[in-house]
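All residue numbers for the sequence shown refer to full-length UniProt numbering, where the first residue is 1 and numbers rise by one. Here the structure is laid out as structure tokens; the discussion comes afterwards.
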Amino acid sequence: MDCLIHSIEPSCRRRSRPGPMSFVRHFKYKIVKQATDDFRKVLYSNVHGTAYRAVLRGGRFAMVKDVRDCDQEEDLFYREVQLIGRLHHRHILLLLGFSLGRKRLLIFETAENGSLRDHLNDPFKTPLNWRTRLQIAVGVAAALEYLLVFNDPPISHISVNSSNIMLDDNFNAKLSDIGILNSGNGADRKASCSKGNTQLFDKEYVFATVAH
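What follows is the structure, given as structure tokens:
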């Protein structure tokens with residue numbers, strides 16, 4: 001795994017937490033701050049938080065997302081990291097690591113072509129042709145199938161929209177904003193954040209809600 005910035009590899013270490021958290025990389029806060037030029041390189045800001053551009057070792061770019069707390073407990077943040085960190089699919093934005101400090105940060109691979117929303121709403125961008133649009137739709141469908149069919153318990157991203165469909169350099173879809181959740185097996189599966197659109201529920205919970 002690349003470490004943020006060029007000469008600080010010793011500072012990039014694994015978070016010493018028990019269980020599945022051990023496979024998610026922890027970056028020191030000061031390193032992420034340096035990588036984002038003191039959080040000046042803003043990519044976008046919305047109800048879910050602010051995303052920054054970061055420079056990885058060797059010149060590779062990453063996206064650092066400042067997660068809005070929504071009164072979220074630290075343990076719930078770790079659960080979010082744990083869930084996102086185990087998702088590996090070519091059409092889901094890959095989590096590279098996390099950091100805790102004055103901000104709660106998630107570090108993702110970058111999407112060179114930004115979001116689908118950018119391309120649909122920006123009059124200065126070349127309109128997407130129908131083949132590309134179909135390619136994006138198929139990619140999103142594959143990501144949703146992976147979340148629902150190949151995870152136990154199944155994961156439902158119930159607010160897919162053009163702002164959380166990211167596009168790589170070949171305009172392949174990368175689904176993002178999978179997080180801020182409570183995905184245990186208890187009766188209350190709701191996300192702790194009532195504002196915003198990123199909420200995950202178990203499939204059975206969603207279907208039961210619709211049925212009633």
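In this text, a Cβ means the ideal position worked out from N, Cα and C, and glycines have one as well. The model shown is predicted, which means the values in this text are computed figures rather than measured ones.
Asked	Found
Determine which residues share a DSSP beta bridge with residue 89 and list them.	According to DSSP, which records beta bridges pairwise, residue 89 is partnered with nothing at all.
Using the Cβ count rule (16 or more neighbours within 10 Å means buried), how would you classify residue 141?	exposed
May I ask you to list the residues that DSSP assigns as paired with residue 54?	62
Taking the runs of the alpha helix (DSSP H) that are 4 residues or longer, which of them lie wholly in the region 98-183?	116-121, 130-149
With DSSP as the reference, identify every bridge partner of residue 224, one or two as the case may be.	Any answer about residue 224 is impossible in this case: the structure gives the chain only from 1 up to 212.
Nearest-angstrom Cα distance between residue 64 and residue 167?	16 Å
Check the DSSP bridge columns for residue 95 and list the partner residues they point to.	108
Just checking, does the region 123-140 make contact with the region 155-174 on the three C-beta pairs under 8 Å criterion?	yes
Residues in the same chain with beta-carbon distance under 6 Å from residue 136, minus the five sequence neighbours each way, listed in chain order, please.	173
Can you give the Cα-Cα distance for residue 29 and residue 100, rounded to whole angstroms?	6 Å
Does the Cβ of residue 177 have 16 or more other Cβ atoms within 10 Å, making it buried, or fewer, making it exposed?	buried
Since residue 67 sits in a beta bridge, which residues does DSSP pair it with?	49
In chain order, what residues of the same chain have a beta carbon less than 7 Å from the beta carbon of residue 43, not counting five sequence neighbours either side?	51, 52, 53, 63
Count the other CB atoms, across all protein chains shown, that sit within 10 Å of the CB of residue 92; report buried if there are 16 or more and exposed otherwise.	buried
Would you say residue 155 and residue 147 are within 7 Å of each other, going by their C-beta atoms?	yes
Who are the near neighbours of residue 104 in its chain, counting only those whose CB is closer than 6 Å to its CB and skipping five residues on each side?	67, 77
Does DSSP put residue 75 in a helix, in a strand, or in coil?	helix
Using only alpha-carbon positions, find the residue among 33, 175, 87, 152 that is nearest to residue 160.	175
Could you tell me which of 90, 45, 106 sits nearest to residue 24, measuring between CA atoms?	106
Mind checking residue 125: buried by the 16 CB within 10 Å criterion, or exposed?	exposed
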